[in-house]
Every structure is written in structure tokens, then in C-alpha cells.
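Residue numbers for the sequence shown follow the UniProt record's numbering, so the first one is 1 and each next one is one higher.
See structure below.
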Amino acid sequence: MARHAPRSAELLAGPADSAEIAAAEARLRVALPPELVESLRRHDGLSRWGWDNAFPGQPPLQVAQIVAHHEMCMEIAGYSDGRKPAEEGREPWWHPLWIPFAEIDGDAQIIDLRPGPGHGRLGWAYHDDRGTFRDAWPSLGAYLAATADALLHGGGTSRYADGGRYCFPYLTPEDTLWWAPPGTSDLDGEPLRPAPVGLT
1 MARHAPRSAE LLAGPADSAE IAAAEARLRV ALPPELVESL RRHDGLSRWG WDNAFPGQPP
61 LQVAQIVAHH EMCMEIAGYS DGRKPAEEGR EPWWHPLWIP FAEIDGDAQI IDLRPGPGHG
121 RLGWAYHDDR GTFRDAWPSL GAYLAATADA LLHGGGTSRY ADGGRYCFPY LTPEDTLWWA
181 PPGTSDLDGE PLRPAPVGLT
């Protein structure tokens, strides 16, 4: 990525501090999933917000942003009964054991830490709707592996495990990474070209 999409590579922050991760776990009162900790120890989210979408889903959060988003949602849910499902079989607006991994405009990709068969799956918590795990990735690791595979070997991936809204990596004229549906040729009138295979 540093060779073919240097601006996107520069957005990836350095590793998170172990003490900061431990402090976040203490504040959230839950151990972060190992896959998230491993990811944060490589890159503590993004160093700054940018128009690049280096991931097919939302931009990954820093440790401090994970805590801040979780606490914000807990506060809002407490005022609005947002932790209660609206009806049988539906998810609540927020749950204390949902850990945000990535977010933009209030819509977050979340890791479900509730006990049961769905433990560890990667779903969505929207700012204006209920959470959902429909077509969820089975884990954060599966999502990240599929993203890396698309960059390394070519092809596409999806923010959804069933392949819905399939995205392929492209490069903008400024050599920044952009994920878009197959056959996309431009971004706001600017040409896109397929990212070269081996872009990791």
C-alpha cells in the first residue's frame, strides 16, 4: 500500500499502547476481543480522518474513540430505552456488550460480545435504526482477512458476509484507495482505476 496508495497508507496510525488498551478495558468493564486487540496493536485506527475509504466498511476507530463512542451510545440508550428490543426477535438500538470497531456519521461496525452462538460476530449499529447482524461477518478476523485477501490477490470483498454490496479496491488519481462496486469507473467525475494486485 505504501508504494501504490501512499496517502492511504499514511492514514493508518501506529500501534496502540498496551496501557491504553488496558485502561479502555477497565473503563468499558469488558475485555476487548483478541482479534481487536491484535488489530489495535498493529494500527490504532486512523491517524486522521480522510476521504479515502481504506476499508470496504467504516473507518476503524482508535482506542480512545472506541471508548468514547461506546459511552456516548450507552448514554443515549439510557435516555431513550434504546437498550430494549422494539419487538421480539429484533435487536436493540444499543447493547452494553457491543464494541465499536469502526464508525462514520454515527453508524458503527460492532463486535457482539454477548454470550451465545453469535459471540464475536461483526454487525452494524446505526444512529437512526436498530442494530443488525443480518449477513454478519462471523468475526472481525474474517472481515479483515477477506479485505487483505482482496488487496493481495485481487477480486472483491464486502462489508457483509453474504457478499451483498460487493466492493473492489480502486485507486483515485491521487493514488488513494477507494472501495466501490465492480465496474465503477469514476468517483464524482474523477477517474478510478483498479488497484494493482499485491496492494497490502
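For glycine and all other residues, C-beta sits at the position ideal for the given N, C-alpha and C.
The alpha carbon of A13 has as its nearest neighbour, out of H4, A2, R48, the alpha carbon of R48. A direct Cα-to-Cα measurement between R27 and P194 gives close to 42 Å. E91 carries a coil assignment under DSSP once its states are collapsed to helix, strand and coil. The C-alpha of A64 lies about 7 Å from the C-alpha of A24. A check of alpha carbon separations from R134 across G154, D112, G45, L151 identifies D112 as the nearest. L46 places its beta carbon less than 8 Å from that of P59.
Looking at R90, G116, G131, the one whose alpha-carbon comes closest to that of I110 is G131. Taking 8 Å as the cut-off, the beta carbon of L177 is found no closer than this to the beta carbon of S185. Distance between Y143 and G78, taken at the CA atoms: about 30 Å. Counting only runs that start and end inside the UniProt domain "Knr4/Smi1-like" (15-146), the alpha helix (DSSP H) elements of at least 4 residues fall at 18-28, 34-42, 63-80. Around the Cβ of D128, a 10 Å sphere holds fewer than 16 other Cβ atoms; the residue is exposed. Annotation for P169: the continuous beta strand (DSSP E) segment containing it runs 168-171. Secondary structure note for A180: its beta strand (DSSP E) is the uninterrupted segment 177-180. Just so you know, the alpha carbons of D44 and A22 end up roughly 14 Å apart.
Rounded to the nearest angstrom, the gap between the Cα atoms of P15 and P34 is 15 Å.
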